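> Residue numbers (the UniProt record's numbering), protein chains in the order written: chain A, 1 to 167; chain B, 1 to 220; chain C, 1 to 167; chain D, 1 to 194.
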Amino acid sequence: MDAAEVEFLAEKLPISIVPNFAQDKLYLISGDVGPFSPGIPVEVPLWLGLNLRQRSKCRIVIPDWLDEEKLAEKKEEEAQSKVFTQMPCEHYMIVKTLLKDIWDLRISKLRSSVADFILSEGSHAKLDRLTHMEINSIRPFLPHSLDQFHRLAKSAHNTELSQTQDL
Amino acid sequence: MSDVDEDVVAASDDEEMMTAPEVLQRLEEAWIIERMSPTLERHQTDLVDCMLDQINQMTENLKRCKKQDFRAAVHKMEIDRIRYVLSSYLRVRLEKIERYAHHLLEKDASVKDQSETVLSPEEASYAKEYVSSMESHFQKVVLQQMPEIIRGFDAVKECVRPNLESYIFLKVKEATPGVLLEDDTGDGRDEEVDLEEGSQYLMRYNTVKDLLQSGAVVFI
Amino acid sequence: MGYLDSSGRSKDLEKGTKLELPLWLAAALGPRRKLVTCHLPRAFNERYREILRADATIVDLQGLAPYFYEFGRHLLPLVGAEGVTLGQLLTETLKQRLRRVMDSSLHCLEDDAAVHKARFDHLERTLFHTGRRMYQDHQLWLARRCHIITSIASTEQSGKRKLSEIS
Amino acid sequence: MLGEKALELIKEMERSKDGKLPAYNDNCVRLVLEEMTALFQQNQDDVNATVAGEAQYYPGIRLRHASLERNKRCLLAYLYNRLERIRDLRWDFGNILPPEIRENLCDPEIEWFARYSKNLATYSRSLGEGSGLDLTHDIKPPKNIYVEVRCLKDYGEFEVEEGDVVVLQKNTTHYLPMSSCQHLIRLGVLQQVD
Numbered sequence: 001m002d003a004a005e006v007e008f009l010a011e012k013l014p015i016s017i018v019p020n021f022a023q024d025k026l027y028l029i030s031g032d033v034g035p036f037s038p039g040i041p042v043e044v045p046l047w048l049g050l051n052l053r054q055r056s057k058c059r060i061v062i063p064d065w066l067d068e069e070k071l072a073e074k075k076e077e078e079a080q081s082k083v084f085t086q087m088p089c090e091h092y093m094i095v096k097t098l099l100k101d102i103w104d105l106r107i108s109k110l111r112s113s114v115a116d117f118i119l120s121e122g123s124h125a126k127l128d129r130l131t132h133m134e135i136n137s138i139r140p141f142l143p144h145s146l147d148q149f150h151r152l153a154k155s156a157h158n159t160e161l162s163q164t165q166d167l
Numbered sequence: 001m002s003d004v005d006e007d008v009v010a011a012s013d014d015e016e017m018m019t020a021p022e023v024l025q026r027l028e029e030a031w032i033i034e035r036m037s038p039t040l041e042r043h044q045t046d047l048v049d050c051m052l053d054q055i056n057q058m059t060e061n062l063k064r065c066k067k068q069d070f071r072a073a074v075h076k077m078e079i080d081r082i083r084y085v086l087s088s089y090l091r092v093r094l095e096k097i098e099r100y101a102h103h104l105l106e107k108d109a110s111v112k113d114q115s116e117t118v119l120s121p122e123e124a125s126y127a128k129e130y131v132s133s134m135e136s137h138f139q140k141v142v143l144q145q146m147p148e149i150i151r152g153f154d155a156v157k158e159c160v161r162p163n164l165e166s167y168i169f170l171k172v173k174e175a176t177p178g179v180l181l182e183d184d185t186g187d188g189r190d191e192e193v194d195l196e197e198g199s200q201y202l203m204r205y206n207t208v209k210d211l212l213q214s215g216a217v218v219f220i
Numbered sequence: 001m002g003y004l005d006s007s008g009r010s011k012d013l014e015k016g017t018k019l020e021l022p023l024w025l026a027a028a029l030g031p032r033r034k035l036v037t038c039h040l041p042r043a044f045n046e047r048y049r050e051i052l053r054a055d056a057t058i059v060d061l062q063g064l065a066p067y068f069y070e071f072g073r074h075l076l077p078l079v080g081a082e083g084v085t086l087g088q089l090l091t092e093t094l095k096q097r098l099r100r101v102m103d104s105s106l107h108c109l110e111d112d113a114a115v116h117k118a119r120f121d122h123l124e125r126t127l128f129h130t131g132r133r134m135y136q137d138h139q140l141w142l143a144r145r146c147h148i149i150t151s152i153a154s155t156e157q158s159g160k161r162k163l164s165e166i167s
Numbered sequence: 001m002l003g004e005k006a007l008e009l010i011k012e013m014e015r016s017k018d019g020k021l022p023a024y025n026d027n028c029v030r031l032v033l034e035e036m037t038a039l040f041q042q043n044q045d046d047v048n049a050t051v052a053g054e055a056q057y058y059p060g061i062r063l064r065h066a067s068l069e070r071n072k073r074c075l076l077a078y079l080y081n082r083l084e085r086i087r088d089l090r091w092d093f094g095n096i097l098p099p100e101i102r103e104n105l106c107d108p109e110i111e112w113f114a115r116y117s118k119n120l121a122t123y124s125r126s127l128g129e130g131s132g133l134d135l136t137h138d139i140k141p142p143k144n145i146y147v148e149v150r151c152l153k154d155y156g157e158f159e160v161e162e163g164d165v166v167v168l169q170k171n172t173t174h175y176l177p178m179s180s181c182q183h184l185i186r187l188g189v190l191q192q193v194d
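#1: Relative to the C-alpha of TYR78(D), which residue among ALA127(B), TYR130(B), HIS137(B), ALA101(B) is closest?
#2: Give a yes or no on whether 8 Å exceeds the smallest Cβ distance from ALA4(A) to chain D.
#3: Can TYR116(D) and ARG85(D) be called in contact, C-beta distance under 8 Å?
#4: For the beta strand (DSSP E) containing residue 292(B), list its first residue and its last residue.
#5: Excluding the five sequence neighbours on either side, which residues of its own chain have a C-beta within less than 6 Å of the C-beta of PHE131(D), listed in chain order?
#6: Roughly how many angstroms lie between the CA atoms of GLN41(D) and ARG151(B), to the nearest whole one?
#7: Is the beta carbon of PRO38(B) less than 8 Å from the beta carbon of SER30(A)?
#8: Using C-beta distances below 8 Å, list every residue in its chain close to THR207(B), excluding the 5 sequence neighbours before and after it, in chain order.
#9: Could you tell me whether the Cβ of ARG33(C) comes closer than 8 Å to any Cβ of chain F?
#10: According to the neighbour-count rule (16 or more other Cβ atoms, all chains shown, within 10 Å of its Cβ), is GLU109(D) buried or exposed?
#11: Candidates ALA6(D), ARG15(D), ASN144(D): which alpha carbon is nearest ARG30(D)'s?
#12: Should the region 146 to 165 of chain D be called in touch with the region 77 to 85 of chain B, which here means at least 3 C-beta pairs below 8 Å?
#13: Let me check understanding here. Comparing Cα to Cα, which of LEU78(C), ASN45(C), TYR48(C), ILE58(C) lies closest to THR37(C)?
#14: Span of the beta strand (DSSP E) holding ARG64(B)?
#15: Which residue marks the beginning of the beta strand (DSSP E) containing GLU191(B), and which one marks its end?
#16: Between the Cα of THR131(A) and the Cα atoms of TYR126(B), VAL193(B), ARG189(B), SER199(B), which residue gives the shortest distance?
#17: Please decide whether ASP103(C) counts as near chain A, where near means a Cβ-Cβ distance under 8 Å.
#18: Could you list which residues in chain D have their beta carbon closer than 7 Å to that of residue 180(C), in chain order?
#19: Is the Cβ-Cβ distance between LEU98(C) and ILE135(A) less than 8 Å?
#20: I'd like to check one pair, VAL92(B) with LEU104(B): are the Cβ atoms closer than 8 Å?
#21: At what residue ranges does the UniProt domain "GINS subunit" (44 to 142) of chain C contain a whole run of the alpha helix (DSSP H), taking only runs of 4 or more?
#22: On the CB-based measure, 16 or more other CB atoms within 10 Å of its CB, does ALA146(A) come out buried or exposed?
#23: Nearest to CYS50(B) by alpha carbon, out of VAL156(B), ILE220(B), THR19(B)?
#24: What residues of chain C sit near LEU79(D), judged by a beta carbon separation below 9 Å?
#25: Which residues bound the beta strand (DSSP E) around CYS106(D)?
#26: I'd like to know if GLU165(B) contacts chain A, where contact means its C-beta is closer than 8 Å to some C-beta of that chain.
#27: Checking the sheet assignment: what are the DSSP bridge partners for PRO177(D)?
#28: With a threshold of 6 Å on Cβ separation, who are the neighbours of ILE15(A) within its own chain once the five nearest residues in sequence on each side are excluded?
#29: Which residues share a DSSP beta bridge with ASP32(A)?
#30: Can you tell me whether DSSP reads GLU43(A) as helix, strand or coil?
#31: Helix, strand or coil for ALA125(A) per DSSP?
#32: Where does GLU68(A) land, buried or exposed, given buried means 16+ other C-beta within 10 angstroms?
#33: Going by DSSP, name the residue or residues bridged to ILE17(A).
#34: For SER180(D), collect the residues of the same chain with a Cβ closer than 7 Å to its Cβ; drop the 5 residues on either side in sequence, then sort them by chain order.
#35: Helix, strand or coil for THR37(C), going by three-state DSSP, please let me know.
#36: Could you give the first and the last residue of the continuous alpha helix (DSSP H) run that contains residue 202(D)?
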């Protein structure tokens, strides 16, 4: 998948908006949204929230994990921790700046752990707490590399087998 | 303008009825699976037909409403999103169908129950025509000019097969203890892993194929 | 079969003649038919094996054998007992070098990456490009430019990618 | 060296991986086929000259047969790889190829292109129980319904959905529904403005 597709998937998530218009319930194929009344918060899918904001029809309620102080704390925690800390939202990269720093920290950790994994020749890796976009950043590089490695290792192994059979 | 009613819209099996949001959800899941899986998964023609019908109906309804209608824009946006999922899903399938055409046709030919085929009837005839157009091209351009002894075209030998040993990313939905990871590269380092609910892994497709099928683990 | 030996004048090849054959030909005459016996090419001989074992990451594989892994893999069944050593060499070399390939494709600036890339063999280059494409896609996304549709002509210039790459 | 011409074909495809499809190399293909005929003839002669039970010609026959196989494999790989790229052209340009690209195809390839086009069209029409869906559209996830575009070429009248017609003149800008104009962006008639 490319980043635009990961974003597309993330846009399905619900977000809270405060509309400045009145409108009855909308019967969307993906489910009902609304009704909308001026000043009353309502949950809509992110794509709809963004679309309405673009048309100046609403204000998006910032999720509390995006609070600057909380993010700064989160960044500190990530920097101190050797392992991945739990992200407050699966798709935290949708918003930026401070997040960029967290991303960089996590990606460099990710690269080291990938390198360790390759050296250990493990058959599988555990990747808890990695978010969708992070996983996507090493795809398809990592799985392709491992596919190639596995292909070589299998050929090498078959050669060994046929040698021992010959003896 | 009348919105499409949200009642029961589709029967995926003869028995099972689903609402439009459920169908869409299933379609999106099928799309992600198809994007991530190294091989072609079973076709979901019912979901595709149903969703196409939904967006076509919605498009018809929109024609009757004023352009500036605030709701129209929202519905259009949603139609664009659904149409994207549909065409991306079908495109990914077509790419795999072309690449593995011969292999897939053979696989389906050995299936007894017609409802178990990987390819839909339309996809199957697409694959057949694709294979036959290639073969006749090879024949016409080079094979017929070759000495007879070497002229034959062995589609089985030449055909491309999916790599079921590909590494994939997955998330565990239902805890599954004792999954055996065979080591086919020697050293006899077979391993057993306990898959805990909510954890994420990078593993080879064929080691978790059945778990993917049953939904105990999902692609991420 | 004297024409196989460019130095020789005779019509027939003498038994015991040493000559270089393309891999496909050696494979056809080699192990099963016993018409020829195969020896490891220079790039895989003891001297280079030592160098690779000492530090695989610094070796210029492109210079040594542009298709190092693929060539080596096809050699495995042809070279008898030496195949076992060769198999280990191939997997070990890839294992040691993957980190460099990963870092240069997912992280380095364009110029630095090019320096590394010059030393990669064909398989490593393929992996490098896989990673690079993902990296560029992510940069494009961060710059909010990945939704811009480009014309076919410009896609062709910048290196075409498949309609949608799987995974 | 044996099989050299065949290798040339493979290298040609490898070299042009990122660029456009090179012209069909009729000459080289013919040379490979001629080499194959000659190899086959020599093998026939050797087989005929072999007295029962004698093995002296065996290595030569074996070698030439391997070369025949090799040449065949390279030729098929060459053709197959070209067809794969010709397939991509259908997705990029629709069923009419620009002349400068079309001239790089040999006649059987042009026929194959038409056959592929037809197969794809039949399949697309069959979708949704006959309502059809053009899979060459909607290549990227949608962001907005409308986009601002600049016209790079004189195109003339263009029917936007529901019978609205705009005139696309060079250097004019328009605000159009993404779903109807994305194809023209791909073809370089329009350019998407940020």
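For each residue, glycine too, the CB sits at the ideal point set by N, CA and C. Predicted model, so just to flag it, every value in this text is computed and none were measured.
From the atom records:
#1: Numbered from its first residue, the fourth sequence carries residue 78(D) at position 78. That would be HIS137(B), whose Cα lies nearest to the Cα of TYR78(D).
#2: Here residue 4(A) refers to the residue found at position 4 when the first sequence is read from its first residue. For ALA4(A), the nearest beta carbon of chain D is closer than 8 Å to its own beta carbon.
#3: Against the fourth sequence, residue 116(D) aligns to sequence position 116. Against the fourth sequence, residue 85(D) aligns to sequence position 85. Going by C-beta atoms, TYR116(D) is not nearer than 8 Å to ARG85(D).
#4: A question about residue 292(B) goes unanswered here, because the residues of chain B that appear run from 1 up to 220.
#5: Position 131 of the fourth sequence, counting from 1, holds the residue named residue 131(D). The residue asked about is misnamed: residue 131(D) is Ser in this sequence, not Phe. So the list is empty, once near-sequence residues are dropped.
#6: For the purposes of this step, residue 41(D) is identified with residue 41 of the fourth sequence, where counting begins at 1. For the purposes of this step, residue 151(B) is identified with residue 151 of the second sequence, where counting begins at 1. Each residue's Cα considered, the two are about 15 Å apart.
#7: In the second sequence, residue 38(B) corresponds to position 38, counting from 1. In the first sequence, residue 30(A) corresponds to position 30, counting from 1. The answer is no: Cβ separation not under 8 Å.
#8: Numbered from its first residue, the second sequence carries residue 207(B) at position 207. Once the five neighbours on either side are set aside, the close Cβ partners of THR207(B) are VAL179, LEU180, LEU181, GLU182.
#9: Given the protein chain composition of this structure (A, B, C and D), no chain F is represented.
#10: Start at 1 with the first residue of the fourth sequence, and residue 109(D) comes out as number 109. Answer is buried; the Cβ neighbour count reaches 16.
#11: Here residue 30(D) is taken as the residue at index 30 of the fourth sequence, counted from 1. For ARG30(D), the closest alpha carbon among the candidates ALA6(D), ARG15(D), ASN144(D) is that of ALA6(D).
#12: no
#13: Taking the first residue of the third sequence as 1, we reach residue 37(C) at position 37. Per the Cα distances, LEU78(C).
#14: One-based indexing of the second sequence puts residue 64(B) at position 64. Careful: ARG64(B) lies outside any beta strand (DSSP E) and carries neither H nor E.
#15: On the second sequence, residue 191(B) is found 191 positions in, with the first residue counted as 1. Looking at the DSSP string, the run of the beta strand (DSSP E) that includes GLU191(B) is 191 to 195.
#16: Along the first sequence, read from residue 1 onward, the residue named residue 131(A) stands at position 131. Closest option to THR131(A), Cα to Cα, is SER199(B).
#17: For the purposes of this step, residue 103(C) is identified with residue 103 of the third sequence, where counting begins at 1. For ASP103(C), the nearest beta carbon of chain A is closer than 8 Å to its own beta carbon.
#18: Residue 180(C) is absent from the structure shown; chain C starts at 1 and stops at 167.
#19: Against the third sequence, residue 98(C) aligns to sequence position 98. Against the first sequence, residue 135(A) aligns to sequence position 135. Their beta carbons are not under 8 Å apart, which means LEU98(C) does not touch ILE135(A) by this criterion.
#20: As a working mapping, residue 104(B) is identified with position 104 in the second sequence. As a working mapping, residue 92(B) is identified with position 92 in the second sequence. Contact check for LEU104(B) against VAL92(B) fails: the beta carbons are separated by 8 Å or more.
#21: 46 to 54, 61 to 64, 68 to 75, 82 to 106, 110 to 117, 122 to 142
#22: As a working note, residue 146(A) is residue 146 in the first sequence. Correcting the residue type first, residue 146(A) is Leu in the shown sequence and not Ala. LEU146(A) should be labelled buried.
#23: Along the second sequence, read from residue 1 onward, the residue named residue 50(B) stands at position 50. Of the candidates VAL156(B), ILE220(B), THR19(B), the one whose C-alpha sits nearest the C-alpha of CYS50(B) is THR19(B).
#24: Within the fourth sequence, numbered from 1, the residue matching residue 79(D) stands at position 79. Those within 9 Å of LEU79(D) in chain C number zero; the least Cβ separation is about 19 Å.
#25: Within the fourth sequence, the letter at position 106 stands for residue 106(D). Taken as a continuous stretch (DSSP letters only), CYS106(D) belongs to no beta strand (DSSP E), as it is neither H nor E.
#26: Within the second sequence, residue 165(B) is the residue found at index 165, counting from 1. Among the CB atoms of chain A, one or more fall inside 8 Å of the CB of GLU165(B).
#27: On the fourth sequence, residue 177(D) is found 177 positions in, with the first residue counted as 1. BP columns for PRO177(D) point to TYR146(D).
#28: On the first sequence, residue 15(A) is found 15 positions in, with the first residue counted as 1. Within the same chain, ILE15(A) has close Cβ partners LEU46, GLY49.
#29: Residue 32(A) sits at position 32 when you count from the first residue of the first sequence. DSSP lists TYR27(A) as partners of ASP32(A).
#30: Looking up residue 43(A) in the first sequence gives position 43. Under the three-state reduction of DSSP output, GLU43(A) falls in the strand class.
#31: For this step, residue 125(A) is matched to residue 125 along the first sequence. In the structure shown, ALA125(A) sits in a strand (DSSP, three-state: E or B).
#32: Here residue 68(A) corresponds to residue number 68 of the first sequence, with the count starting at 1. Classification of GLU68(A): exposed, given that the 10 Å Cβ count is below 16.
#33: Taking the first sequence and counting its residues from 1, one reaches residue 17(A) at position 17. Paired residue(s): VAL42(A), ILE60(A).
#34: As a first step, residue 180(D) must be located in the fourth sequence, where it is residue number 180. For SER180(D), the CB contacts under 7 Å within the same chain, skipping 5 residues up- and downstream, are VAL160, GLU161 in chain order.
#35: What you label residue 37(C) is simply residue 37 of the third sequence in a count that begins at 1. The answer is coil: DSSP assigns THR37(C) none of H, G, I, E or B.
#36: Past the edges of chain D, shown from 1 to 194, lies residue 202(D), and the structure says nothing about it.
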